[in-house]
Each structure stands twice: as structure tokens, then as C-alpha cells.
């Protein structure tokens, strides 16, 4: 049994969509599949390598300048330049199906290969390829991108959205008559060495919120910082990530006179990230919108209660009053109140923590992949 996966992202190139697809690939391998994965090439990365059992084939594209961010030329050129490699693989392998990731830029490639070799194609959509209210070039806002996405959605045999929010936005903003399945992102617990707060230079007596993400406006870190201002001096915030908003955010902490309580940690290793999560008290997601939120799964793994904004895929698995709280974006007063609840009520924090440690097991990659295979069987 073999599956061909197509995605312009694969770690270390790109962001969450590549990570999610890799976890899905690992799940298919556990079910006995050979996984061949065609993705974008980059200086210093091998054109072929086996990564955790996945056969990764990288193709050169036009204008890729950074590992973390794709350029428009690199995205536009990927489906055309990857077509040859995908075709070569189909000629020498008998694939059971294709799994294409992102309506754009990868979507057209999946359809072309599916038609040429008469293979079932499952398109996985993530959010930014469908709807991103924070970006002027979100596909639903540009008529030419909208036409491409509509064509891809209409011509893909099966579609999987990672959340009901993405499914709803696809049906709302695009003229399609298509069933869309909702299957959450696969998650496999990450192993890491557990250490204590002292090893991270954290105070044993303080209450720490933690947030992870690129320092960009849509992540709403200014919203979080304003809420921290209204909590007790015992509450500090850890923020992991880099981005263009760092200077503005640092200026805000100085303006509010809480620069000693907001800790910008920058980029940290995967291991260090989990060590900070393990030693924090609550995870706060302050974004304007999220397609799903892999970081929330990571927080659940270590048993963190969650406070999150209420717009996006996270509403599928954050159960109000059981494993987290949902707040409106920009509602500083309510966010402050929810942080205070956890600081003052240790039992509440423990109950939410225990719930999340159990809830994360539902996202095991093998289980998620079985849901994908059911689509091929039952449509």
C-alpha cells in the first residue's frame, strides 16, 4: 500500500501545515503504507532523503528566500515544477491514493496528477488557503485567487477541513456544491527531558501564562499584554517566537510599566519549548483567528489549561469550563478575569489539566489516518 503526498511545505521548510502533514504521513506509515512526499526544495536541503520513514522528494522552485516564509513566485511555481517529479513517481509506483495539502498553491497539482493517473485525491485544507481575515491577500478577498480555489475545491474528489470553522468558511465564501469532511489535525506526543523552573531561570512562586507564535498583529499579543497589566504582580507572561511586531510589543510593555513581567523568549528549540510549556500555569491564545492551533495540542499534551479567543478551529475542542475558556478577541476585561480564575483556584487548574491530558489522546495520528481512509471507502 502506497500513498503520494503533495505539499509545498515540509519541515524545516514552512510552518504548521508542513508539520501537520508530516504527522499525518507518520500515521499512514503506522498503518502499513509507504509514503512518498513531494515538496519544495531549498538551499542546503537534500533533493531526496528518508525522514522518519517518509520518502521526501524536493523540487527546486523560483524565488524561495527563507525557510519560514514562502514567496509568491515560489508558491506559483511549485505545482508546475513539482508536476514532473510527481508524474515520475506515479509511473514507478502503484499508489492507493493522493493526499494533497492546501487548496493553493498545491491544489492544482493534486488534480492534474489525479486525472492523469486516475487516482483518488483527498485535498486537505488548512485555513490560510481558504480564509484569513487578517490578510489583504486572503484568497476569499481576491477574485483571481477565489476562482482558483473554487476550481480546486470543485474538482477535488474528496475534501478534508481540519476544523468546522474552515469547513464553514469554505462553504460560505466559495461557490461550490461539495461535501466537506471535518477531521482534526493528527498529533503524536513529543518526548522531551523534563526539568524544573530553576533550570529555566523561572521563579517558583510566580504564575506564568505562556503563548507561542510569530510576533505579528493577527496573533494579538498586544491584547494579552494589556490583560496582564490588569492582573496581580504575581502574574507573568512568557512569549515564545520572533517577528516584526517585537519592537511595538516591547514599547507597549514599557508604556504600561510591566516590562519586567512580560518575557520575550524569541526562538527556542523544540525541546526548550516543551520545557517552558511544562513549567507554565496556563496557555493563552490571543489570535484574531486560527485555522486550528497546533500549539494548543502541545499545551494539552503537558496538561495546561487553555484560554483562547473564540474565532477559529480551536472551538471544536476547547470545551468551555472543562479544559479551557473562550473569550472574544480584544475583550481585555474577560481575558483578565479568566487568567485571575486560574491564578486564584489551584483545584480548577488541576481539573482542566487532567481533562486535557486525556483529551489529547483522541488526536493520535493513527486514529486520524483511519478517518482519512474511511473517506475513500465510504465517500
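Numbering (full-length UniProt numbering), first residue to last: 1 to 379.
Glycine included, every Cβ here is placed at the ideal spot set by N, Cα and C.
#1: Would you list the residues sitting across from residue 97 in a DSSP beta bridge?
#2: Bridge partners of residue 308, per DSSP?
#3: What span of residues does the beta strand (DSSP E) with residue 264 cover, start to end?
#4: Which whole-angstrom value is the C-beta distance of residue 207 and residue 234, which I expect to be below 8 Å?
#5: Using a Cβ cut-off of 7 Å (strictly closer), state whether residue 185 contacts chain D.
#6: Suppose you measure from the CA of residue 138 to the CA of residue 50; what does that come to, to the nearest Å?
#7: Please state if the CB of residue 165 and the CB of residue 388 are separated by a distance shorter than 7 Å.
#8: For residue 446, list the residues DSSP reports as bridge partners.
#9: As a quick exercise: from 102, 303, 60 and 66, pick the residue whose alpha carbon is nearest that of residue 84.
#10: Does the beta-carbon of residue 55 have 16 or more other beta-carbons within 10 angstroms, so that it is buried, or is it exposed?
#11: Do residue 134 and residue 31 come within 7 Å of each other at the CB atom, strictly closer than that value?
#12: Shortest alpha-carbon distance to residue 132 belongs to which of 341, 291 and 366?
#13: Please determine if the stretch 357 to 366 and the stretch 186 to 194 are in contact, where contact requires at least 3 C-beta pairs separated by less than 8 Å.
#14: With a cut-off of 8 Å, do at least 3 Cβ pairs link the stretch 169 to 186 to the stretch 234 to 253?
#15: Just how far apart, CA to CA, sit residue 214 and residue 43?
#16: Could you check if residue 58 is buried or exposed, using at least 16 other CB atoms within 10 Å of its CB as the buried criterion?
#17: For a minimum of 3 consecutive residues, which ranges assigned as the beta strand (DSSP E) are wholly contained in the stretch 51 to 135?
#18: I need the straight-line Cα distance from residue 332 to residue 309, nearest angstrom please.
#19: Is it a yes or a no for the stretch 1 to 12 touching the stretch 35 to 42, going by three-plus beta-carbon pairs under 8 Å?
#20: What residue does the beta strand (DSSP E) around residue 208 start on, and which one ends it?
#21: Excluding the five sequence neighbours on either side, which residues of its own chain have a C-beta within less than 8 Å of the C-beta of residue 175, listed in chain order?
#22: Taking buried to mean at least 16 other C-beta atoms within 10 Å of its own C-beta, is residue 98 buried or exposed?
#23: Under 7 Å between the Cβ atoms of residue 340 and residue 231?
#24: Going by alpha carbons, who is nearest to residue 273 out of 192, 2 and 173?
#25: Note down the Cα distance separating residue 225 from residue 236, rounded to an integer number of angstroms.
#26: So, with DSSP's three-state summary, where would you put residue 271?
#27: Can you name the residues that DSSP bridges to residue 182?
#28: Could you give the DSSP three-state label for residue 253: helix, strand or coil?
#29: Buried or exposed: residue 376, going by 16 or more other Cβ atoms within 10 Å of its Cβ?
#30: When we look at the beta-carbon of residue 279 and count the other beta-carbons within 10 Å, is it buried (16 or more) or exposed?
#31: According to DSSP, is residue 239 part of a helix, a strand, or is it coil?
#32: Would you kindly work out how many angstroms separate the C-alpha atoms of residue 275 and residue 194, rounded to a whole number?
#33: Over the uninterrupted alpha helix (DSSP H) stretch that includes residue 301, give me the two end residues.
#34: Could you tell me whether the Cβ atoms of residue 67 and residue 12 are closer together than 7 Å?
#35: Please report the Cβ distance between residue 380 and residue 211, rounded to the nearest whole angstrom; I am assuming they are in contact, meaning their Cβ atoms lie under 8 Å.
#36: For the alpha helix (DSSP H) holding residue 377, just list the boundary residues, first then last.
The short version:
#1: 3
#2: 285 and 326
#3: 262 to 266
#4: 5 Å
#5: Annotation note: the requested chain D is absent from the structure, which comprises a single protein chain.
#6: 34 Å
#7: Here the chain has residues from 1 to 379 only, and residue 388 is not among them.
#8: Residue 446 is absent from the model: the chain starts at 1 and stops at 379.
#9: 60
#10: buried
#11: no
#12: 291
#13: yes
#14: no
#15: 23 Å
#16: buried
#17: 54 to 59, 97 to 101 and 121 to 125
#18: 11 Å
#19: yes
#20: 207 to 212
#21: 150
#22: buried
#23: yes
#24: 192
#25: 10 Å
#26: helix
#27: 161
#28: helix
#29: exposed
#30: buried
#31: strand
#32: 6 Å
#33: 294 to 301
#34: yes
#35: Here the chain has residues from 1 to 379 only, and residue 380 is not among them.
#36: 365 to 378
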